[in-house]
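So the sequence shown is numbered by this note's numbering: it starts at 8 and just counts up by one. C-beta: ideal position from N, C-alpha, C; glycine also.
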Amino acid sequence: MLDVLLFSLISGFTLYLVIITMPQPPDLFMVVIFLMLLIPTIVALIQGAPFVPTPMNAAKKMIKIAGVKKNDNVVDIGCGDGRLVYIAANDYKAKAVGFELSPIVWCIARIRKLFWRSKAKIKFGDFRLFDLSKTDYIVCYMLPETLKKFIPKFEKELKKGAKIISYAFYIADWAPVHIEPSDPKESISEIMVYEIGKQYNK
Ligand SMILES: C[S@@+](CC[C@H](N)C(=O)[O-])C[C@H]1O[C@@H](n2cnc3c(N)ncnc32)[C@H](O)[C@@H]1O
8 MLDVLLFSLI
18 SGFTLYLVII
28 TMPQPPDLFM
38 VVIFLMLLIP
48 TIVALIQGAP
58 FVPTPMNAAK
68 KMIKIAGVKK
78 NDNVVDIGCG
88 DGRLVYIAAN
98 DYKAKAVGFE
108 LSPIVWCIAR
118 IRKLFWRSKA
128 KIKFGDFRLF
138 DLSKTDYIVC
148 YMLPETLKKF
158 IPKFEKELKK
168 GAKIISYAFY
178 IADWAPVHIE
188 PSDPKESISE
198 IMVYEIGKQY
208 NK
């Protein structure tokens with residue numbers, strides 16, 4: 008919650024500085040645009056998933072240990088700058104889609120897509136509005152309390168055998184089918200692999 012307050016204060020103060028240093032007061036249009044960018048970003052923060060990218064070497068490891076193959080459907084449920092879906096699409100020829108709730112972060116992902124020359128899709132919005140029934144692999148880096156809220160959707164929509172690869176955080180009391188140990192030398196945290204149908208096998 009502290010990061011949300013801090014972010015709101017810094018953003019509000021920045022807006023204030025921008026307004027008072029302008030030769031003329033900003034028109035309503037500019038303020039509305041600014042708020043439209045800011046509010047969803049704060050919503051993402053409140054939901055417990057601020058934009059913190061998975062380290063690149065960890066992102067590569069996640070896709071590798073998942074066992075992603077050509078034409079598999081890979082979804083990042085909060086894709087940040089898109090790195091996980093770009094790796095899946097570029098290096099493994101997967102059909103990869105990333106969802107991003109924050110418009111600012113979504114713009115960053117779209118720009119980075121050009122540099123990656125990737126065929127991965129980056130969609131703006133809350134992934135919960137999209138159907139996951141064709142998904143083979145979910146990749147995610149989200150806090151445990153956030154992941155817990157997604158369990159009903161995962162259980163309702165994901166097919167048996169679909170895998171969820173979670174960086175650093177466990178999904179409630181689910182049992183991972185594989186835990187990739189952390190690698191402090193490489194600054195990589197644990198990576199958990201869950202399989203639908205086996206999440207309660209303890
Ligand atoms: C910790 S970052 C991880 C980014 C990326 N997956 C990575 O590993 O580098 C989590 C991202 O998820 C986004 N997010 C949070 N909840 C979301 C939701 N319900 N739908 C889509 N994106 C969401 C946030 O805006 C944030 O950018």
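**Asked** Comparing the CB of P60 with every heavy atom of ligand 1, is any distance shorter than 6 angstroms?
**Response** yes
**Prompt:** Pick from I118, L165 and V200: whose alpha carbon is nearest that of I172?
**Reply:** V200
**Message:** For the structure I just gave you, are there three or more beta carbon pairs, one from the region 145-154 and one from the region 76-89, closer than 8 angstroms?
**Reply:** yes
**Message:** If the criterion is Cβ atoms closer than 7 angstroms, does the pair I198 and M63 meet it?
**Reply:** no
**Prompt:** What span of residues does the beta strand (DSSP E) with A103 cover, start to end?
**Reply:** K102 to E107
**Request:** Could you tell me whether the region 127-134 touches the region 97-106, where touching means 3 or more Cβ pairs closer than 8 angstroms?
**Result:** yes
**Request:** Could you please give the first and the last residue of the uninterrupted beta strand (DSSP E) stretch that includes N80?
**Result:** N80 to D83
**Selected residue, minimal CA-CA separation from P159, among F176, Y174, A175 and W181** = W181
**Item:** Close Cβ partners of N80 (< 6 angstroms) along its chain, the five nearest in sequence each way excluded
**Value:** K102, K141, T142 and D143
**Request:** Would you mind sorting V59 into buried or exposed? The rule is 16 or more other CB atoms within 10 Å of its CB.
**Result:** exposed
**Asked** Relative to the C-alpha of V184, which residue among A73, I40 and I27 is closest?
**Response** A73
**Item:** Beta-ladder partner(s) of C147, from DSSP
**Value:** S173
**Run of the alpha helix (DSSP H) containing V92, from where it starts to where it stops** = R90 to Y99
**Collapsed DSSP secondary structure at F137 in the structure displayed** = coil
**Asked** Quick one: is Y174 buried, meaning 16 or more other Cβ sit within 10 Å of its Cβ, or exposed?
**Response** buried
**Request:** Can you have a look at V112 and say buried or exposed, based on whether 16 or more other CB atoms are within 10 angstroms of its CB?
**Result:** buried
**Message:** Given the structure, does S196 come close to ligand 1, in the sense that its CB is under 6 angstroms from one of the ligand's heavy atoms?
**Reply:** no
**Request:** For L108, verify whether its CB is less than 6 angstroms away from any heavy atom of ligand 1.
**Result:** yes
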